[in-house]
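A quick write-up on the structure given underneath.
Numbering (my numbering), first residue to last: -2 to 341.
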């Protein structure tokens, strides 16, 4: 096996956070677009009731540990006043040209004690150099920062996954769009957080500058379902019987609906295969575990069971959640796809 890679302290803290909230907001919001080409007039950016506190309050209700704002999308419009371009909020009528969305969201996050990050697109369709696409990529994107002394992208780096998805069909707010169902969101959660990725769930503010009430209501419903599903956790006592075999013992016999495995990734992600076995019967199996792996269990009443892994694996937690027939069944709707066609 090649050298085991370990996360940095910042990567580990980010992975443990699990869920963040994305905010797509900008000129596209006011033009009713998902993409724009850098020619929209900044004068259309004029939210009447922008409330960064409401955005962050919604993130807290979701259970997000951090917020990420599209400070600059592909159109190049900056949500903060900057000396680098006149294509920013400083050229808009909002707050008399003296507003700063980035600062307001950062302040709101600080007050509520959650993290703050920004999305800055390296693609800037407003920049003069963009007209020569080849020169723009070569001269402005500084791709040499992403290689290590060769023409190939760097290999053997610890790169934890992230799943970015919107609560609506599109990334920006549109009046005729609607939030995903709780069943849909739960399926997304289990296929992102449940597979060891961070979920960055987008909630786009509307033209007033607030997150749509329908989206806020859906967040509350989704959070309530998450709490019902995961609040009654039973932590197993783990004893390593031999390399690659762990005995997990529960405080009491439990009818199990879900099993969560957590690997000690601070010492490197080592698990490439795993199985949960009860009295010789394989309940669930899979590949990697990482920061967390959540399995749905069809039907099993457990008190003690085995976890089988690679011999050099390090588990640091096994958690079970009781079966509950009233839980919403996770469901990814057939054919639910947003357009992925880029602009010309």
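We put the CB at the ideal spot given by N, CA and C, even for glycine.
Which one or two residues does DSSP pair with residue i in a beta bridge?
i           : result
residue 279 : 274
residue 315 : 258
residue 155 : Partner(s): none; residue 155 has no beta bridge.
residue 115 : 66
residue 121 : Paired residue(s): none; residue 121 is not in a bridge.
residue 18  : 64 and 198
residue 305 : 242 and 272
residue 299 : 251
residue 364 : Limits of the chain in this structure are -2 at one end and 341 at the other, which puts residue 364 out of reach.
Look at the alpha carbon of residue i and the alpha carbon of residue j, and state the distance between them as a whole number of angstroms.
i           : j           : result
residue 284 : residue 190 : 15 Å
residue 129 : residue 165 : 34 Å
residue 183 : residue 196 : 11 Å
residue 230 : residue 307 : 26 Å
residue 118 : residue 80  : 17 Å
residue 52  : residue 42  : 18 Å
residue 188 : residue 282 : 15 Å
residue 127 : residue 25  : 19 Å
residue 176 : residue 163 : 9 Å
residue 102 : residue 122 : 25 Å
residue 4   : residue 173 : 42 Å
residue 12  : residue 227 : 18 Å
residue 269 : residue 286 : 7 Å
residue 33  : residue 170 : 14 Å
residue 89  : residue 319 : 53 Å
Once you ignore the five residues that flank residue i on each side, which residues in its own chain have a CB closer than 7 Å to its CB?
i           : result
residue 44  : 91, 204, 205 and 206
residue 302 : 245, 273, 274 and 275
Please find out if some non-hydrogen atom of the ligand MG comes closer than 7 Å to the beta-carbon of residue i.
i          : result
residue 66 : Of the ligands one can find in the structure shown there are none, so the ligand MG has no counterpart to examine.
Our contact map puts residue i next to residue j with C-beta atoms below 8 Å; I'd like the distance itself, whole angstroms only.
i           : j           : result
residue 241 : residue 310 : 7 Å
residue 328 : residue 291 : That pair is no contact at about 16 Å.
residue 260 : residue 288 : 7 Å
Ordered along the chain, which non-local residues of its own chain (more than five positions away) have a Cβ less than 6 Å from that of residue i?
i           : result
residue 105 : 49, 50 and 53
Excluding five sequence neighbours on each side, which residues of the same chain lie with their C-beta closer than 8 Å to the C-beta of residue i?
i           : result
residue 263 : 3, 4 and 9
residue 111 : 53, 56, 57, 61, 62, 63 and 64
How do the region 93 to 104 and the region -1 to 6 stand: do at least 3 beta-carbon pairs fall below 8 Å, yes or no?
Under the 8 Å Cβ criterion, the region 93 to 104 does not count as touching the region -1 to 6, having fewer than three qualifying pairs.
Between the region 208 to 215 and the region 250 to 262, are three or more C-beta pairs nearer than 8 Å?
No, they do not touch.
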